Amino acid sequence: MKKAKIAIVTLGHYIYFQQFEGLREELMEKSTQFGAYLDPESCDVADIGYIDCAEEAFEAVKKLKKEDADLLFIILSTYVPSAVCAPFAKYLDIPQVLVGIQPLEHLDYSHTTTYMQLVNDDICAMPEIAGVYERLGRQIPPCIVASSSQTEYIKNQVSEWVAAATTMSGFKYETFGYLGHTYEGMYDMHTDPTAFTAAFGSHVKMLEMCELARLSEMVTEDEIKAQIEEIKSTFEICDPSIDPLTDFVGEEDLAYSARQAVALKKMVRENKLTALAYYYKSEPNNPYEQLAANLIIGNTLLTSSGIPLAGEADLKTAAAMLIMKNIGGGGSFAEIHPFDTADDVVLIGHDGPHNIAIAEGKPRLRKLKKYHGKSGSGIGVEFSLKAGPITMLSINVDRNGKFRMVAAEGTSIAGDIPQTGNTNTRVSFGGNVCEFLSRWCEAGPTHHLALGVGHHMDTLRKFARISGIELIEVK
């Protein structure tokens, strides 16, 4: 996964250092202590150093511009005049977090010296600095306030901010593919590519079915054979179920789906895609009809490897899937299916792109004689998400043309699902399922969503704050 570039800068007040010998050196250690919370496995770190006057802050800003960082932690080591922080507000257009980590849980009041107070004055300037961001017309940064003994709290806060920055970085300088057009009549699917770039920063590249067809024709027999071996080792191949639409999966079915899986991987690679939204309606017996209908295995393997694919050309849900992937939830293409008032659960799933990396048990393949609402026939993927906490995320556009996220946390419950060649996960939201579904629909999501494992609302809140995309939480 692409790492975020995290910058840190530590601020002080030069006048104190002329008055108190050794104070500067002691305060500088706070940078090292904070840096220990940044895992080099999950982010790249740029430490800009210790700054104690406005002139040094201007030079630090110039360094930061060259770093092209995704997030800046500003560590307040003692009282800091706001002039030392103002250049970061004025000249840097990256998310920033103010950090005030006091060394002591409390002062030893009867033995406290001025020196000791200055060492523990980490939040003294925080209100002043926040006010100056407002006066400069910039977003007031979120703040981390803690004593150094609160290591778990600090670790969680830092890791969530890094995850939010990593999620933003996942869109930076990246390309989303758009193949075909949205499913006819789904007004919630329509997305303005320029508005998408404005919100997420990624380029939207228009692709053609003839390119995929060309790549499909070039696939070799050896590539098909290797792909079939991967499919057979990854999936359980099932006989028909009670659903009359299901059928036996034949060797020719596997070979055809394998060919398209190889072609799809090549299209992603040749176009340097981070994600792909696709849909092709097709006229009956059009040469592209079966090609488009047999992308499910290929898009499932790609989604599971970290390249989200969204069906019905839902560009917004491709973005939601990438967000869920980058915050550690995986992210599978889904929508709301029938609910169960006896168990207070709702089935959530879809045909098409899935993430088998977060499946409960081995995913299954079923031959489908037809896809409901779509052209052609082919192989479907069937599974449930792992039992345990889940997060669902939908992205829509409000009446002013602004993107917004709608999210909820629930629990995946183990149990039977329909054997229809589609994914389905039994999800509980801890109460009356009908009341929850009413609240979800009233929040105005799209009918598609990214379904992922784990609870990630805290990180989504942070992502919303640094991305400027509104988050609506449904409980």
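Position one of the sequence shown corresponds to residue 1 (our numbering), numbered consecutively onward. Quick reminder that beta carbons are idealized off the backbone N, C-alpha and C, glycines included. Nothing here was measured: the structure is a model prediction, and the numbers come from that model.
* **Cut-off 7 Å between Cβ atoms - residues of its own chain near residue 195, not counting five sequence neighbours on either side** => 401
* Same chain, Cβ closer than 8 Å to residue 290, neighbours up to 5 away in sequence not counted -> 256, 376, 377, 378
* Among 468, 464, 447, nearest to residue 183 - alpha-carbon criterion -> 447
* Which stretch, first to last residue, makes up the beta strand (DSSP E) that contains residue 50? -> 43-51
* State the CB to CB distance for the pair residue 494 and residue 472, rounded to an integer number of angstroms; the pair is presumed to be in contact (CB under 8 Å). => Outside the shown range of the chain, which is 1 to 475, sits residue 494, and nothing can be said about it.
* **Assigned secondary structure, residue 255 (DSSP; H/G/I helix, E/B strand, else coil)** => helix
* **Paired residues, beta bridge with residue 178 - DSSP** => 206, 277
* Option nearest residue 122 by Cα separation, candidates 134, 131, 109, 98 -> 98
* Residue range of the beta strand (DSSP E) that includes residue 85 -> Not the beta strand (DSSP E): residue 85 falls in the alpha helix (DSSP H), residues 82-91.
* Asked: Apart from the five residues just before and just after residue 476, which ones in its own chain have a Cβ nearer than 7 Å to its Cβ?
  -> The structure shown does not extend to residue 476, since the chain spans only 1 to 475, so no value can be given for it.
* Asked: By Cβ distance, which residues of its chain are closer than 8 Å to residue 440, with the 5 residues on each side in sequence left out?
  -> 336, 406, 408, 474
* Beta-carbon proximity list for residue 124, same chain, < 6 Å, skipping 5 on both sides -> 79
* Is DSSP giving residue 73 helix, strand or coil here? -> strand
* Asked: So is residue 279 buried or exposed if we call it buried at 16+ other beta carbons inside 10 Å?
  -> buried
* Asked: Assuming residue 6 and residue 34 make a contact with CB atoms under 8 Å, what is their CB distance in whole Å?
  -> The pair is not a contact, with the Cβ atoms about 11 Å apart (cut-off 8 Å).
* Relative to the alpha-carbon of residue 24, which residue among 59, 40, 77 has its alpha-carbon at the smallest distance? -> 77
* Could you tell me which residues DSSP puts in a beta bridge with residue 409? => 391
* State the DSSP-derived secondary structure class of residue 448, mapped to helix, strand or coil. => strand
* Asked: What whole-angstrom Cβ distance do residue 450 and residue 393 have, given they're in contact under 8 Å?
  -> 5 Å
* Would a C-beta distance cut-off of 7 Å place residue 424 and residue 349 closer than the cut-off? -> yes
* **DSSP state of residue 147 mapped onto helix, strand, coil** => strand
* To do: Evaluate the contact criterion for the segment 129-143 versus the segment 91-107: three or more CB pairs, one atom per stretch, below 8 Å.
  => yes
* Identify the residues that DSSP records as bridge partners of residue 294: which are they? -> DSSP, once it has assigned bridges, lists no residue as partnering residue 294.
* To do: Would you kindly work out how many angstroms separate the C-alpha atoms of residue 300 and residue 309, rounded to a whole number?
  => 8 Å
* Asked: From residue 347 to residue 173, what distance separates their C-alpha atoms?
  -> 36 Å
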